[in-house]
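Positions 132 to 277 (our numbering) are the ones given, in order, by the sequence shown. C-beta: ideal position from N, C-alpha, C; glycine also.
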Amino acid sequence: SGIVGKTAVLPCKVESIVDYNVTWTKLAADEKNIGYVKAVPLPDVPRFLIYSNNSLVIKNLLSADEGWYRCKAANDGGAVQENIYLHAYEPPIVNVKPPSKSFVSGDFVNISCQTDGYPEPLIRWIWSPAHNQNFISGRSEIRDKN
Numbered sequence: 132s133g134i135v136g137k138t139a140v141l142p143c144k145v146e147s148i149v150d151y152n153v154t155w156t157k158l159a160a161d162e163k164n165i166g167y168v169k170a171v172p173l174p175d176v177p178r179f180l181i182y183s184n185n186s187l188v189i190k191n192l193l194s195a196d197e198g199w200y201r202c203k204a205a206n207d208g209g210a211v212q213e214n215i216y217l218h219a220y221e222p223p224i225v226n227v228k229p230p231s232k233s234f235v236s237g238d239f240v241n242i243s244c245q246t247d248g249y250p251e252p253l254i255r256w257i258w259s260p261a262h263n264q265n266f267i268s269g270r271s272e273i274r275d276k277n
């Protein structure tokens, strides 16, 4: 797993007493053969690096980088491969409108909270009059009894 904009590392452990070659590919749906996947070579860009320990390093992770990856080790004796899923998480972004405002008791108040992120952020409203906390989830109505 990784966070969008950060660096993600996908491990690939290989044990062999002879020299071997490691290749990384990303698995994608095969449009010609429904229900099948194909191994797509990784883009030849500096964001994608293979370290000497065979780990795939993806710098400046994008949400489009999420998906299945395949590490394949091959030598004259044959080949083995392992698949690993990379989750690309996006930190929550919150926009509350109005950000701050005073109201008169009895007024109708509409406060909206727009969020973005992956996975979809959970929204919880917390109202704390005089340090007595009430937890409010989703759409709620609060009436001041004064």
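Three-state class that DSSP yields for residue i in the structure shown
{"i": "Asp207", "result": "coil"}
{"i": "Asp196", "result": "helix"}
{"i": "Cys244", "result": "strand"}
{"i": "Gly136", "result": "coil"}
{"i": "Tyr216", "result": "strand"}
{"i": "Arg178", "result": "coil"}
{"i": "Lys157", "result": "strand"}
{"i": "Asn191", "result": "coil"}
Integer-rounded CB distance, given that residue j should sit under 8 angstroms from residue i
{"i": "Val227", "j": "Phe234", "result": "Not confirmed; about 15 angstroms, so no contact."}
{"i": "Val135", "j": "Ser186", "result": "That pair is no contact at about 19 angstroms."}
{"i": "Ile242", "j": "Pro252", "result": "Actually they do not touch by this definition, with Cβ atoms about 16 angstroms apart."}
{"i": "Arg178", "j": "Lys169", "result": "Contact doesn't hold; Cβ gap of about 22 angstroms is too wide."}
{"i": "Tyr151", "j": "Ser194", "result": "With 8 angstroms as the limit, Tyr151 and Ser194 do not qualify as a contact, their Cβ atoms being about 33 angstroms apart."}
Beta-carbon spacing of residue i, residue j below 8 angstroms
{"i": "Asp207", "j": "Ile224", "result": "no"}
{"i": "Thr154", "j": "Val188", "result": "no"}
{"i": "Gly198", "j": "Leu217", "result": "yes"}
{"i": "Ala219", "j": "Val145", "result": "no"}
{"i": "Ile254", "j": "Cys244", "result": "yes"}
Own chain partners of residue i with C-beta closer than 7 angstroms, once the 5 adjacent residues on each side are dropped
{"i": "Tyr167", "result": "Asp161"}
{"i": "Val176", "result": "none"}
Contacting residues, own chain, Cβ-Cβ under 8 angstroms from residue i (five flanking each side not counted)
{"i": "Val171", "result": "Thr156, Lys157, Leu158 and Ala159"}
Own chain, CB closer than 6 angstroms to residue i, minus 5 neighbours either side, in chain order
{"i": "Leu180", "result": "Val188"}
{"i": "Ser231", "result": "none"}
{"i": "Pro132", "result": "For clarity, residue 132 is Ser in the given sequence; the question names Pro instead. Answer for Ser132: His218, listed in chain order."}
{"i": "Asn184", "result": "none"}
With 16 other Cβ atoms within 10 Å as the buried cut-off, status of residue i
{"i": "Asp196", "result": "buried"}
{"i": "Tyr200", "result": "buried"}
{"i": "Leu192", "result": "buried"}
{"i": "Cys345", "result": "Within the shown structure, residues of the chain are numbered from 132 to 277, placing residue 345 beyond reach of any answer."}
{"i": "Cys202", "result": "buried"}
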